[in-house]
Structure formats: structure tokens, C-alpha cells
Amino acid sequence: MNISEIRRDFPIFNKQINGNPIIYMDSACVSLKPTQVINAINRYYNEFPACGGRSEHRLGKKVTEEVHNARKIIQKFLSAKRINEIIFTKNSTEGINMVINSLNLQEGDVVLTSDKEHNSVLLPCQALRKQGVEYRTFKFGDIEDFKNKLTEEVRFVSTAHISNLDGTINPIEEIIKLSHKNKSLVLIDAAQSAGHKKLNVRKLNVDFLVFSGHKVFGPSGTGILYGKLDLLKNLKPLMIGGSTVKNSTYENYEIEDIPERFEAGLQNYAGIIGLGEAIKYLQKIGLKNIEMHEYQLNRLLSQELSDFGVEILGGLDPEKRSSIISFNIKGMHPHEISGILNESNIMIRSGRHCVHSWFNANNLEGSARISLSVYNTEEECKRLIEEIKKIKNLI
Amino acid sequence: MICILALVVFGILGIFSATHRKIALEAFDCVFRRLTIRKCTSGLDRRLKSQITGKLMKKYPRVAKFTFKYFELISWVFTIILILSIAYTVIGGYNYYIYGNCNGPNEDSFCIFDPLGGNSKFSDIDSEEFCSLDPIEKKDLTIKGINLSSFPKFERWAENDVVFIGCYACQYTRESYPSIKKLSERDDVNFIFAHFPAKDNTQVISNILNCINEVNETKFIEFNDMIFRLDLSLLKNEEELLRIVESIGLNKEEISQCSYTQRIQNITQSQISELQSTGIYGTPTVFVNEKAVVGPKPYRVYKRLLK
Numbered sequence: 548m549n550i551s552e553i554r555r556d557f558p559i560f561n562k563q564i565n566g567n568p569i570i571y572m573d574s575a576c577v578s579l580k581p582t583q584v585i586n587a588i589n590r591y592y593n594e595f596p597a598c599g600g601r602s603e604h605r606l607g608k609k610v611t612e613e614v615h616n617a618r619k620i621i622q623k624f625l626s627a628k629r630i631n632e633i634i635f636t637k638n639s640t641e642g643i644n645m646v647i648n649s650l651n652l653q654e655g656d657v658v659l660t661s662d663k664e665h666n667s668v669l670l671p672c673q674a675l676r677k678q679g680v681e682y683r684t685f686k687f688g689d690i691e692d693f694k695n696k697l698t699e700e701v702r703f704v705s706t707a708h709i710s711n712l713d714g715t716i717n718p719i720e721e722i723i724k725l726s727h728k729n730k731s732l733v734l735i736d737a738a739q740s741a742g743h744k745k746l747n748v749r750k751l752n753v754d755f756l757v758f759s760g761h762k763v764f765g766p767s768g769t770g771i772l773y774g775k776l777d778l779l780k781n782l783k784p785l786m787i788g789g790s791t792v793k794n795s796t797y798e799n800y801e802i803e804d805i806p807e808r809f810e811a812g813l814q815n816y817a818g819i820i821g822l823g824e825a826i827k828y829l830q831k832i833g834l835k836n837i838e839m840h841e842y843q844l845n846r847l848l849s850q851e852l853s854d855f856g857v858e859i860l861g862g863l864d865p866e867k868r869s870s871i872i873s874f875n876i877k878g879m880h881p882h883e884i885s886g887i888l889n890e891s892n893i894m895i896r897s898g899r900h901c902v903h904s905w906f907n908a909n910n911l912e913g914s915a916r917i918s919l920s921v922y923n924t925e926e927e928c929k930r931l932i933e934e935i936k937k938i939k940n941l942i
Numbered sequence: 003m004i005c006i007l008a009l010v011v012f013g014i015l016g017i018f019s020a021t022h023r024k025i026a027l028e029a030f031d032c033v034f035r036r037l038t039i040r041k042c043t044s045g046l047d048r049r050l051k052s053q054i055t056g057k058l059m060k061k062y063p064r065v066a067k068f069t070f071k072y073f074e075l076i077s078w079v080f081t082i083i084l085i086l087s088i089a090y091t092v093i094g095g096y097n098y099y100i101y102g103n104c105n106g107p108n109e110d111s112f113c114i115f116d117p118l119g120g121n122s123k124f125s126d127i128d129s130e131e132f133c134s135l136d137p138i139e140k141k142d143l144t145i146k147g148i149n150l151s152s153f154p155k156f157e158r159w160a161e162n163d164v165v166f167i168g169c170y171a172c173q174y175t176r177e178s179y180p181s182i183k184k185l186s187e188r189d190d191v192n193f194i195f196a197h198f199p200a201k202d203n204t205q206v207i208s209n210i211l212n213c214i215n216e217v218n219e220t221k222f223i224e225f226n227d228m229i230f231r232l233d234l235s236l237l238k239n240e241e242e243l244l245r246i247v248e249s250i251g252l253n254k255e256e257i258s259q260c261s262y263t264q265r266i267q268n269i270t271q272s273q274i275s276e277l278q279s280t281g282i283y284g285t286p287t288v289f290v291n292e293k294a295v296v297g298p299k300p301y302r303v304y305k306r307l308l309k
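Chains as they are written, first to last, in this note's numbering: chain A, 548 to 942; chain B, 3 to 309.
This is how it looks when you write it as C-alpha cells:
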């Protein structure tokens, strides 16, 4: 894997701010976009900007074909059994809401999530309380705690594969196995693992899985909901309307097949085609290569940062964290850290990363979060370390 | 504290730019919260702190460290400076309106509202460069006890007294003349004009003026109007002066002869002595109801001193 070649695919790296190059380390929020993806989006608008799945003319057919190809690419990417198990959404949040609100959970049922869930999981689960559904949490990554909380009333388990807060990894294989043994359905939020780790939904035997396109080099406003076909059949679509029905009368309608019934209205065709291209791009580099590269950078950063007393959330061992390093410097607000780094064109995230609940419970104001991707280099990490050293010296 | 500074700075910039308006609103929210004893939640203070520190860190790490460590203190210092600056600006603005100078009555220091000092300049009587008189000792200006009976006047039995001490050859007297003329035309003003020949040996004009005043007490205004309009280079030209005398309907030979009489020259000399007793150090000096104003001021400054 040649990082210099990969970086050449990302036009943003040609840009300089105040005469200095950009160091982008906020990929857990949004990843940068390679030329291949940008070209794919442009291709739709330049060559066939038409309706998919409805119009019988050449352009319409071309769109249908391209969307089908993108779905096929994503089916392979996730190792899904059938192509119609792949549903296009606008992001992970939409996928999670679609599932949670369509499960027909009853009073007395229990939903189990971890204590480090993104608001996208936390809020829809909390909202179920109005229906009399109990909402329960287990300690993220703690399988013993998970076992203790997994009582027979638990009908649904929703948890992140990798925490967007600190990059720690949940033992999802075990969680899925135990849940199924308990006859509970499982949704995995793979927003931070897709594009960084190999995902095989069949091997995992997961019921539902979601991820966002904008974190895997794809365009904003794209996401994927994977669901086992027999489970999707039982889900009630959240939105219905254009392209979700085969036929309608003044009294009734005949619902479309899966996945179309879940994709109401005209779709983000350019985005879907771009997402397909992004996944192709990921596969071309190879997820194993990406994972290894990110691990090496994480190891370098974790070691150096911990050496001069930076507090890393989620532990020092980079093997237990994915490509995320969340940290704090005593006596300094995380926004100050990211703000100062921003002046050196180093872009990281700071705050509570949409996991306010965990920070509130732990009396922390937030953290500064470095999130790596395949386009980051060792030199960039060394530069970041130098800058953080300088920042630490301010105190 | 930085939010107060930000509110003022970005508030002004916000008039011209929408981006800065947004920051100004954040700053306002922050200030409002602090005033209502709540925590500032906008994070603007932290953003500014990190931006400033980040920029300093590149070139001056020690300054950056100091700034970061004492940011709140520095913010306080700048806020106090800002408040003092605003206070001084307001006082300066008030002084400018009232006295024609930011620094108070008869001050000639720099004033931002009058950067060229047009309202504060005066022709220095002490200056050796053009002074034809003995130096005058600076003391408090006063008109009390000064005999003004021989000077040209408009006596209206009004409640306000205006005494205009000026010099025909002095630039700033000439600049102030339109305002003084406007003031002299008011019904509620008794007006006295006193020529102080501070420059270019213009005592001869004083003599002519005194003669005009003896012949016709109302003609000095017309004479002044023309003299103050006359080119400076012609002020020493007696023929030109007498032409003006003629143009205002007086006999130029009569005035000419009068001006050379010892009696008139004595009157002029005694007038100069009286004026020196006021303590004047520059022209124009205007006494409005005994309050002295030095330098060419806008009309409003004189008007404000009227009863």
C-alpha cells in the first residue's frame, strides 16, 4: 500500500491554508473524498441525471442499473446473502430509527444498549419509554455486565461496534451470540467500524447493521441499513409514498418488495452511486491494509502521547481501540486543544461527540478526539505530537 | 471578560459583515449570561483564547504560554482599558461638542474628532517669529476690570456680552470671523470688537478702525467684513485700506488724517495695554459673558455660553 499514491486521490491535500498543508484527523466525523467518488457523483449529474426505478427511457434505465450496481457492491462489502437485504438510507441515524421504531415493541419489553452509545441510538431507545418499554444499559465492552443485563425480557439489543467516543471495541460476536440465545434481536451500529474493519454480516449472524456513507469516503446524505430478509419482511416501513407501493386505490395500497418499500421518495442517486464507488475504492486498498496502517499510527500516537502525560480515554493499548484516540490535557478544555491545533491546520474534533450521556455521567467536559484514516501519515502524526507537546507546555 | 471586548469589536465589525454579526450575537449572549450570573455557554471565550494562543505559539511560545495562563487577567486588563477608552471617548466627544476640543476648554492638545486641530489653533502672541509686541505673561484670562469703552461696539442693552479680540493679519482670527459675525448678529448680544495687532505691524489698521468708530459707530462691521476678506498681502497697503474706507461710504482723507493724529495713536496704544491686561496669549480670544474661548471654534461653542 502506497500512502503517497492514496493521498494523490484526495484533492483536498492540494489545498493549503496560510501556506501550510492540511492535516485532517477528524475522519470519525466525516472522511475526506477521493477523486473517484467525486467523479462518480459528477458522472450522474453530467451523464444520466434521471429517475431510477420508474422511468423506462435510457437515462432512467441507466440510473436503475447504476443504483443496482452500487447495492451489489455494498452487498459484497458486507458479505450479505441477498442484494435486497441492503437498504439505502441517508445515514446511520435513519437506519437505527427505522429499525427501532418498526419493531413493534410492547410494554414490558426491554431494550438493551451500552453506556457509550451515540445519541442516534440513545435517543430512539429512550423514546420507547413512552410505550412502556424499559431501556437498560450495559458497560461498553464488558461482556460480563452485558450477560447480567441480558434478561429474558430483553427483546432488542442495539450497540455500537466501535465507540465513536474513544475508539474502544465491543465484542460484538459474543454479544450477538448471547442475544440470539436469549431470543433478542441485535442491531449493530457500524458507523465507526465500516471502512476500518472487515465486516461480514453472515459470519456475525447480525440481524441489523447500519453505517454511514460519509465516514467511508462516500458522499454526505448516504447510509446503509442491512437487515436479514425475513426480519425486514416483518418491519413496518417508517415512511411510505412514492416508489414504496406496487399499486394503490382510493382505499388501499399494495406495498412494494424489499428493499424498495423502505426507500420512500426519489432517492439520492448521485450519493448512492458515489457510495458504491467509495466502497470499491476501500476494497481496492484492502481493509486489512487500512486496519494495519491505522493501527500503526494509533500505536505511535498512543505511545508518544501517554509518554508525556496526556490522558487517553479508553486505555493506552491501541489494540483495544480502533483508529480513534480520545484524550484530555489536565487544566485545558478540549475545545482549547482543538482550537490551538486548528491554528496549525491540524483538524481534530473536540467536545462530547454526541455521547453527552457518558460525559455527563463521568463529570467530564468532553475530550479532544483524533480519528485517523488511511490517508494519514506517520509524519503527520509526528507533527501532531509536536504540537500537542507545545500545547501541554502552555500549562 | 473577553466577551465584552468581543461584543464591542465584533458589534462594530458586524455592521458591515454578517459573519462578524454572528460572533457579536454570541458575545452578547455570553455577556448577558454573565450579567445575569449564569455560565457563558457559547464557548466564544475559549475559541478566542485558543485562536490567539495558537497564533502566538508559532512565533512567540513564551508569550503564548503567558497569554494562555493569564488569559482571564489579560481580558480583564483589556476590558478595563476598553471601558476607560469608551469613557474618555464619550468625555472627549462631549468636550468637542461643548468646547470644540476633546480635551476641554482652551486646550490645544491632539483631538481625534478634530485631527488637524482647526478648532484649537491660535496665533501665538508670544511667538518671536511674527510678534511685534512685548511678550505677554500667561495668566488666567479675564475681562474683569478692563476698560473697553474705546473699542467699537454694538450696544443692544442685551443680557449677553461678547468681546472678540482678534488680529486682522492672523489666520485663525480670520477663520473664526464667520462664527463671531453670526454671533454678533443675534439680538440678545452686546458685541465689542477689539483689534490686537499681534502680527505684521497692523497697528495702523487699529488707528483707522478707531477713526471710523469715531465718525460712525455702526460702520466698523462693514469695515471688518471687507478687511477679513482682503488678501493678507494687501493689509499693509494703506491705499487699499483707504479704498475700503471709501467703499463703506466714509471720507478717506478724513479717516487718513485722523489715523495719524497723536490722540488716535494714544487710544490705540491704551487699547493694546488694556488687552494685554486680559492675559491673552493668542488670537482669536473671545469672551462670552466673561468666559474666555481661545482659537477658532464652531458657532455652537460660543452659542452655548450665551445666557
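Ideal Cβ positions, reconstructed from N, Cα and C, are used throughout, including at glycine.
Owing to the predicted nature of the structure, the values given are computational and were not obtained by experimental measurement.
1. Please list the segments of the beta strand (DSSP E) lying wholly inside the region 764 to 851 of chain A, counting only runs of 3 or more residues, in order along the chain.
2. Reducing DSSP to helix, strand and coil, say where residue 165 of chain B ends up.
3. I'd like the list of long-range same chain contacts for residue 880 of chain A, defined as Cβ closer than 7 angstroms, with 5 residues on each side in sequence excluded.
4. Could you spell out the range, first to last residue, of the beta strand (DSSP E) harbouring residue 294 of chain B?
5. For residue 674 of chain A and residue 682 of chain A, what's the separation of their Cα atoms in angstroms?
6. Could you tell me which of B/308, B/199, B/204 sits nearest to residue 292 of chain B, measuring between CA atoms?
7. Using the Cα positions of residue 884 of chain A and residue 867 of chain A, report the straight-line distance between them to the nearest angstrom.
8. Considering only residues of the region 651 to 730 of chain A, which uninterrupted alpha helix (DSSP H) runs meet the minimum length of 4 residues and lie entirely inside it, listed in chain order?
9. Going by DSSP, which residues form a beta bridge with residue 160 of chain B?
10. Exposed or buried, which one is residue 262 of chain B when buried takes at least 16 other CB atoms within 10 Å?
11. Name the DSSP bridge partner or partners of residue 222 of chain B?
12. Quick check: what's the CA-CA separation for residue 550 of chain A versus residue 938 of chain A?
13. Express the C-alpha separation of residue 200 of chain B and residue 84 of chain B in angstroms, rounding to a whole number.
14. Cβ of residue 703 of chain A within 8 angstroms of Cβ of residue 732 of chain A?
15. Would you mind reading off the limits of the alpha helix (DSSP H) that contains residue 269 of chain B?
16. Return the residue from the list A/878, A/846, A/877, A/856 that minimises the CA-CA distance to residue 871 of chain A.
17. Using only the alpha-carbon positions, how far apart do residue 215 of chain B and residue 271 of chain B sit?
18. Note down, in chain order, all residues in the region 870 to 899 of chain A with a beta-carbon under 8 angstroms from any beta-carbon belonging to chain B.
19. Can you give me the start and stop residues for the beta strand (DSSP E) that residue 915 of chain A sits inside?
20. Check each candidate in B/154, B/187, B/185, B/171 and name the one with the smallest Cα separation from residue 202 of chain B.
21. Determine the closest residue to residue 496 of chain A out of A/873, A/768, A/616, with distance taken between C-alpha atoms.
22. Out of B/174, B/265, B/198, B/268, which has the shortest C-alpha to C-alpha gap to residue 120 of chain B?
23. Quick check: what's the CA-CA separation for residue 765 of chain A versus residue 775 of chain A?
24. Please list, in chain order, the chain A residues whose beta carbon lies closer than 9 angstroms to that of residue 24 of chain B.
25. Is it true that the region 829 to 837 of chain A meets the region 677 to 695 of chain A, where meeting means three or more beta-carbon pairs spaced less than 8 angstroms apart?
26. Which two residues bound the contiguous alpha helix (DSSP H) that contains residue 217 of chain B?
27. If contact is defined by three or more beta carbon pairs under 8 angstroms, each pair taking one atom from either stretch, is the region 684 to 692 of chain A in contact with the region 748 to 768 of chain A?
28. Count Cβ pairs between the region 800 to 819 of chain A and the region 556 to 575 of chain A that sit closer than 8 angstroms; are there 3 or more?
29. For residue 862 of chain A, which three-state DSSP category applies?
30. In this structure, what does DSSP give as the bridge partners for residue 566 of chain A?
31. Using 8 angstroms as the threshold, is the region 29 to 43 of chain B in touch with the region 920 to 939 of chain A, meaning 3 or more CB pairs across them?
32. Does the structure place the region 780 to 800 of chain A close enough to the region 710 to 726 of chain A that three or more beta carbon pairs sit under 8 angstroms?
33. Tell me which residue opens and which closes the alpha helix (DSSP H) that residue 896 of chain A is part of.
34. Check residue 558 of chain A in the structure and name its three-state DSSP category.
35. Say whether the region 3 to 18 of chain B touches the region 55 to 66 of chain B, bearing in mind that this needs 3 or more beta-carbon pairs closer than 8 angstroms, one atom from each stretch.
36. Along chain A, which residues have their Cβ under 8 angstroms away from the Cβ of residue 52 of chain B?
Here's the rundown:
1. 770 to 774, 792 to 795, 800 to 802
2. Taking the first residue of the second sequence as position 1, residue 165 of chain B is located at position 163. Correct three-state label for residue 165 of chain B: strand.
3. As a working mapping, residue 880 of chain A is identified with position 333 in the first sequence. Here the set comprises 912.
4. The residue given as residue 294 of chain B occupies position 292 in the second sequence. Here the beta strand (DSSP E) through residue 294 of chain B covers 293 to 296.
5. Here residue 674 of chain A refers to the residue found at position 127 when the first sequence is read from its first residue. Here residue 682 of chain A refers to the residue found at position 135 when the first sequence is read from its first residue. Going from the Cα of residue 674 of chain A to the Cα of residue 682 of chain A covers about 9 angstroms.
6. Residue 292 of chain B sits at position 290 when you count from the first residue of the second sequence. Selected option, being the one with the closest Cα: B/308.
7. As a position in the first sequence, residue 884 of chain A is number 337, starting the count at 1. As a position in the first sequence, residue 867 of chain A is number 320, starting the count at 1. If I take the Cα positions, the gap works out to 24 angstroms.
8. 666 to 674, 690 to 696, 719 to 728
9. For the purposes of this step, residue 160 of chain B is taken as residue 158 along the second sequence, with counting starting at 1. DSSP, once it has assigned bridges, lists no residue as partnering residue 160 of chain B.
10. As a working note, residue 262 of chain B is residue 260 in the second sequence. Residue 262 of chain B comes out exposed.
11. Position 220 of the second sequence, counting from 1, holds the residue named residue 222 of chain B. Answer is none; residue 222 of chain B lacks a bridge partner.
12. Position 3 of the first sequence, counted from the start, is the residue given in the question as residue 550 of chain A. Position 391 of the first sequence, counted from the start, is the residue given in the question as residue 938 of chain A. Computed Cα separation, rounded: 28 angstroms.
13. On the second sequence, residue 84 of chain B is found 82 positions in, with the first residue counted as 1. On the second sequence, residue 200 of chain B is found 198 positions in, with the first residue counted as 1. Taking the straight line joining both Cα atoms gives about 44 angstroms.
14. Within the first sequence, numbered from 1, the residue matching residue 703 of chain A stands at position 156. Within the first sequence, numbered from 1, the residue matching residue 732 of chain A stands at position 185. Yes, Cβ-Cβ distance for residue 703 of chain A and residue 732 of chain A is below 8 angstroms.
15. Translated into positions along the second sequence, residue 269 of chain B becomes position 267. 264 to 279 is the extent of the alpha helix (DSSP H) around residue 269 of chain B.
16. Residue numbering aside, residue 871 of chain A sits at position 324 when the first sequence is read from its first letter. Closest by alpha carbon: A/846.
17. As a position in the second sequence, residue 215 of chain B is number 213, starting the count at 1. As a position in the second sequence, residue 271 of chain B is number 269, starting the count at 1. Computed Cα separation, rounded: 16 angstroms.
18. 880, 882, 883, 884, 885, 886, 887, 888, 889, 890, 891
19. In the first sequence, counting from the first residue as 1, residue 915 of chain A sits at position 368. It spans 914 to 918 - the beta strand (DSSP E) in which residue 915 of chain A sits, taken as one unbroken run.
20. In the second sequence, residue 202 of chain B corresponds to position 200, counting from 1. Out of B/154, B/187, B/185, B/171, B/171 has the C-alpha closest to the C-alpha of residue 202 of chain B.
21. No information on residue 496 of chain A is available, as it lies outside the stretch 548 to 942 that chain A covers here.
22. Residue 120 of chain B sits at position 118 when you count from the first residue of the second sequence. Comparing Cα positions, the closest option is B/174.
23. By 1-based counting over the first sequence, the position of residue 765 of chain A is 218. By 1-based counting over the first sequence, the position of residue 775 of chain A is 228. Rounded to whole angstroms, residue 765 of chain A to residue 775 of chain A spans 24 angstroms at the Cα level.
24. One-based indexing of the second sequence puts residue 24 of chain B at position 22. By Cβ distance, chain A contributes nothing, its closest Cβ being about 17 angstroms from residue 24 of chain B, past 9 angstroms.
25. no
26. The sequence position of residue 217 of chain B within the second sequence is 215, counting from 1. Segment 205 to 217, the alpha helix (DSSP H) holding residue 217 of chain B.
27. no
28. no
29. Locating residue 862 of chain A in the first sequence gives position 315, counting from the first residue. Here residue 862 of chain A sits in coil by DSSP.
30. Reading the first sequence from its first residue, position 19 is the one you call residue 566 of chain A. Residue 566 of chain A is not bridged to any residue.
31. no
32. no
33. By one-based count along the first sequence, residue 896 of chain A stands at place 349. No alpha helix (DSSP H) contains residue 896 of chain A, which is instead part of the beta strand (DSSP E) from 896 to 898.
34. Along the first sequence, one-based indexing puts residue 558 of chain A at 11. The answer is helix: DSSP assigns residue 558 of chain A an H, G or I state.
35. no
36. On the second sequence, position 50 is the one that residue 52 of chain B refers to. By Cβ distance, chain A contributes 882, 883, 884, 885, 886, 887, 889, 890.
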